[in-house]
Amino acid sequence: MSDRPVSEMSFEEAMAELEQVVGQLERGDVALDESIKLYERGAELKKRCEAKLKEAEEKVAAITLDGEGNPAGLKPVEGL
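Numbering (my numbering), first residue to last: 3 to 82.
Structure follows, in structure tokens:
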């Protein structure tokens, strides 16, 4: 588990650490206090991944198409 703030992580970084956290919890070879810390960190990482995915989905949804279905540009999305 890294000490890096979750808010500074990319989607890929957060997902990789989340996979490590889940693996440690599934093995069950950590003390209760450490398990609680891991669970809390995992919840933060999950939230970060969900937020980054939502951002990406909104950007993809903002691509406009011309009459033939080809990308024609970007439509501004509120909140980005």
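C-beta: ideal position from N, C-alpha, C; glycine also.
Non-local C-beta neighbours of glycine 75 in its own chain, meaning closer than 6 Å and more than five positions away in sequence, comprise Thr66, ordered along the chain. In this structure, DSSP gives alanine 74 an extended state, which the three-state scheme calls strand. In the DSSP assignment, methionine 17 falls within the alpha helix (DSSP H) that extends over 13–29. In this structure the segment 22–33 does not touch the segment 49–68; the number of beta carbon pairs closer than 8 Å is below three.
Close CB contacts of valine 8 within its chain, under the 7 Å cut and outside five residues either way in sequence, are with Ala16, Glu46, Leu47 and Arg50 (chain order). A Cβ-Cβ separation of about 11 Å leaves arginine 43 out of contact with methionine 11 under the 8 Å criterion.
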